[in-house]
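In what follows, a structure is listed as structure tokens, so that the remarks can point back to it.
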Amino acid sequence: MSQTHETDTCEVLVVRNLNVAFRQQDAPEVQAVRQLSFSLRRGETLAIVGESGSGKSVTALALMRLLDAASSEVNSEGLWLRRRNRQVIALNEQTDAEMRRVRGADLAMIFQEPMTSLNPVLPSASRLPNPCACTGGWGAKSAARGEKDARSGAYSRAEEMLSRYPHQLSGGMRQRVMIAMALSCRPAVLIADEPTTALDVTIRAQILQLIAVLQKEMAMGVIFITHDMGVVADIADRVLVMYRGEAVETGSVEEIFRSPQHPYTQSLLAAVPRLGRCVAGSAAPFSAAGPAAGGERNARYGSRRRADPAGA
Numbered sequence: 001m002s003q004t005h006e007t008d009t010c011e012v013l014v015v016r017n018l019n020v021a022f023r024q025q026d027a028p029e030v031q032a033v034r035q036l037s038f039s040l041r042r043g044e045t046l047a048i049v050g051e052s053g054s055g056k057s058v059t060a061l062a063l064m065r066l067l068d069a070a071s072s073e074v075n076s077e078g079l080w081l082r083r084r085n086r087q088v089i090a091l092n093e094q095t096d097a098e099m100r101r102v103r104g105a106d107l108a109m110i111f112q113e114p115m116t117s118l119n120p121v122l123p124s125a126s127r128l129p130n131p132c133a134c135t136g137g138w139g140a141k142s143a144a145r146g147e148k149d150a151r152s153g154a155y156s157r158a159e160e161m162l163s164r165y166p167h168q169l170s171g172g173m174r175q176r177v178m179i180a181m182a183l184s185c186r187p188a189v190l191i192a193d194e195p196t197t198a199l200d201v202t203i204r205a206q207i208l209q210l211i212a213v214l215q216k217e218m219a220m221g222v223i224f225i226t227h228d229m230g231v232v233a234d235i236a237d238r239v240l241v242m243y244r245g246e247a248v249e250t251g252s253v254e255e256i257f258r259s260p261q262h263p264y265t266q267s268l269l270a271a272v273p274r275l276g277r278c279v280a281g282s283a284a285p286f287s288a289a290g291p292a293a294g295g296e297r298n299a300r301y302g303s304r305r306r307a308d309p310a311g312a
């Protein structure tokens with residue numbers, strides 16, 4: 001049974017001590033995310049940054065309840081989502097049927113690779129009604145309004161692009177279709193998993209601007225997953241830095257960029273490309289088979305933190 005209660009804040013998502021582990025045959029389990037805590041407010045953009053394998057995408061899939069239960073184990077002290085109708089539910093207590101009603105209507109995701117997320121034998125437009133069709137919280141009028149917003153607001157020449165098949169679209173066009181799908185039901189929270197990967201600079205700027213405009217119109221919270229610190233500086237309000245499945249630092253964009261406290265955050269910022277400069281990385285190589293224990297991590301980077309994410 002879902003848990004329903006009201007909170008005194010405008011937080012739309014609260015995560016408390018999230019842990020994700022993957023079971024392996026004839027091998028120790030892999031702890032992909034450990035003791036992760038954060039919150040997201042309405043209209044806020046939280047950037048989750050870190051190198052590949054740090055647990056960013058796994059965190060997103062755990063929130064969406066899309067991890068394979070047969071090979072993974074997810075537990076937490078609480079995953080609370082404030083729906084558009086102001087009801088607060090515990091995501092970790094929802095049944096599969098209840099989660100199908102939540103996805104799209106209240107919690108949506110732009111996946112990392114649009115080509116693998118779109119059906120290659122169907123026109124792009126055929127995907128738009130699907131999120132609204134499987135949710136029951138808004139009704140026909142709101143669903144129609146969401147689809148209209150997705151078609152007209154997502155990009156110019158919308159009808160022409162939506163009539164095409166995925167292989168007929170460029171990377172930027174496919175990403176716009178994914179954005180239209182994710183926002184067609186006007187969700188309370190949007191998770192964008194590296195939506196600008198493999199896009200050129202011009203298209204990347206257009207995608208970022210599009211997400212920002214639609215976020216403002218819909219007053220939704222956005223979790224933006226990326227390893228590009230330049231993008232973070234452009235679009236985020238707060239930053240959460242992950243390393244080997246743990247949150248090592250969190251703070252506002254200004255705090256993180258002007259005075260990073262954790263050595264790993266300092267390494268990420270030092271690695272941002274600059275003309276005429278080459279920087280060698282100092283981070284320990286990530287090993288999925290053996291995540292760094294606290295002592296090992298502190299030996300490499302020290303133990304400084306701006307704030308304990310558990311208190312976020």
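The numbers in the sequence shown follow the UniProt record's numbering, run straight up by one, and end at 312. Heads up, the beta-carbon is just placed ideally off N, CA and C, and yes, glycines get one too. Predicted model only: the values in this text are computed from it and were never measured.
Who are the near neighbours of residue i in its chain, counting only those whose CB is closer than 6 angstroms to its CB and skipping five residues on each side?
i	result
V14	S39, W80
C10	R41, R42
I256	V239
P114	R174, Q175, M178
R23	E29, S71
L118	P166
Q35	N17
A21	E29, Q31, E73
Going by DSSP, name the residue or residues bridged to residue i.
i	result
T226	V49
N75	N19
M109	I191
L208	Per DSSP, none; premise fails for L208.
G221	V189
Q31	A21
V161	In the sequence as displayed, the identity of residue 161 is Met instead of Val. The partner list for M161 (beta bridge, DSSP) is empty, contrary to what the question assumes.
F38	V15
L81	L13, I89
M242	A247
S252	R238
R103	L107
On the CB-based measure, 16 or more other CB atoms within 10 Å of its CB, does residue i come out buried or exposed?
i	result
V58	buried
D274	First, the residue type needs correcting, since residue 274 is Arg and not Asp in the sequence shown. Exposed.
Q175	buried
N92	buried
K216	exposed
R258	exposed
A192	buried
Q31	buried
A27	exposed
L210	buried
L63	buried
E73	exposed
G295	Low local confidence applies: a pLDDT of 48 at G295 is under 50, so the model's placement there is unreliable, with the coordinate-based value given in what follows. Per the 10 Å Cβ criterion, exposed.
L66	exposed
E194	buried
V213	exposed
V201	exposed
Could you name the residues of the same chain whose beta carbon sits closer than 8 angstroms to that of residue i, not counting the 5 residues immediately before and after it, in chain order?
i	result
residue 313	Residue 313 lies beyond the stretch modelled for the chain, which goes from 1 to 312, so this question has no answer here.
D234	L208
L199	G171, G172, Q175, I207
Name the residue from the options whose alpha carbon lies nearest to the alpha carbon of residue i.
i	options	result
residue 316	T226, M220, D228, F257	For the chain, the structure presents residues 1 to 312; residue 316 sits outside this window and is missing.
R103	L61, A233, R164	L61
E51	D234, A271, A270, H227	H227
V222	Q206, L66, A188	A188
G171	Q112, S37, T95	Q112
V121	Q168, E160, R100, D68	Q168
R84	S267, A105, M242	A105
A182	L63, G55, M109	M109
residue 387	V201, M229, I48	Nothing can be reported for residue 387, as the shown portion of the chain is limited to 1 through 312.
F224	L18, I48, N19, R34	I48
S184	A21, M161, M218	M218
L107	V33, R82, A180	R82
Taking 7 angstroms as the limit between beta carbons, can you name the residues of its chain near residue i, skipping five residues before and five after?
i	result
V231	T196, L208
S163	P123, A125
R16	S37, S76, E77, G78
D68	none
S2	Because S2 carries a pLDDT of 39, less than 50, the predicted location of this residue cannot be relied on, and the following value inherits that uncertainty. Same-chain partners within the cutoff: I89, A90, E93, Q94, E98.
K56	I48, G50, I225, M242
Inset, instruction - Examine the Cβ distances between the region 259-272 and the region 235-250 and report whether three or more of them are shorter than 8 angstroms. - result: yes
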